[in-house]
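With my numbering applied, the sequence shown covers 85 to 247.
Glycine is no exception: its CB is placed at the ideal position from the N, C-alpha and C atoms.
All values reported here derive from a predicted model rather than from experimental measurement.
Below you'll find the structure, written out as structure tokens, and then a few comments.
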Amino acid sequence: MKCMYCGCTESKVIDSRSTDEGRTIRRRRECMQCGRRFTTYETIETTPVLVVKNGGNRQAFDPGKIKNGIIKACEKRPVPMAKIDKLVDDIKKQVYNSLEQEISSKRIGEMVMDGLKKIDEVAYVRYASVYRQFKDIPSFMSELESMMKESERKIAAEREKPE
């Protein structure tokens, strides 16, 4: 690390501490030549991920947009903020762990719907109604019917489990 005062490349670390919830390390350094102290920060380098929208345009991946959409879907529902934050973190991890530089907005929407379905079915339906752009009542009803069938299958499977 080059000293900002004299340009010397020799310095020693006096103090290190974690900041930003463990995502950044703050280091206090002392220059070996001039003796002055300065602070450096070490962060994880992330490759930018672009979201490919339906129209073909691209924009930077922004977990904040996902969180806002989930919050709107969960409005006036008994969903704790901790669950919303965990879902956003899970989606963020999936996106970055895919090691792809581009991901479709459809794929992200599917991840959100999968997560919401496990958290709150009403929030899931709200999100799906906007995401899938239900044009009429029959398309909305077909989604509800598929959810009801899935729920009935789960109940039947639970009943068949031996105790």
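{"Item": "In DSSP terms, what CYS115 is bridged to", "Value": "SER95"}
{"Item": "Cβ-Cβ distance between ARG113 and THR123 below 9 Å", "Value": "yes"}
{"Item": "Length of the line joining the Cα atoms of GLU159 and ASP173", "Value": "19 Å"}
{"Item": "Bounding residues of the alpha helix (DSSP H) (the contiguous stretch that carries SER213)", "Value": "205-215"}
{"Item": "Residue interval of the alpha helix (DSSP H) (run including LEU183)", "Value": "Segment: none, LEU183 is in no alpha helix (DSSP H) and carries neither H nor E."}
{"Item": "Nearest candidate by alpha-carbon position, reference GLY139, set GLN117, VAL97, SER188 and MET232", "Value": "SER188"}
{"Item": "Residue environment, ILE98, which counts as buried when at least 16 other CB atoms sit within 10 Å", "Value": "exposed"}
{"Item": "Sequence-distant residues of the same chain with beta carbon closer than 6 Å to LYS201, five excluded per side", "Value": "TYR208"}
{"Item": "PHE122, enclosing beta strand (DSSP E) - first and last residue", "Value": "121-127"}
{"Item": "Nearest-angstrom Cα separation, counted from ALA212 out to GLN143", "Value": "22 Å"}
{"Item": "Buried/exposed call for CYS87, threshold 16 Cβ in 10 Å", "Value": "buried"}
{"Item": "Host beta strand (DSSP E) of ARG142 (start-end)", "Value": "142-144"}
{"Item": "DSSP three-state assignment for ARG110, whether helix, strand or coil", "Value": "strand"}
{"Item": "VAL172 in three-state terms, based on DSSP", "Value": "helix"}
{"Item": "CA nearest to the CA of CYS115, picked from LYS190, THR131 and CYS92", "Value": "CYS92"}
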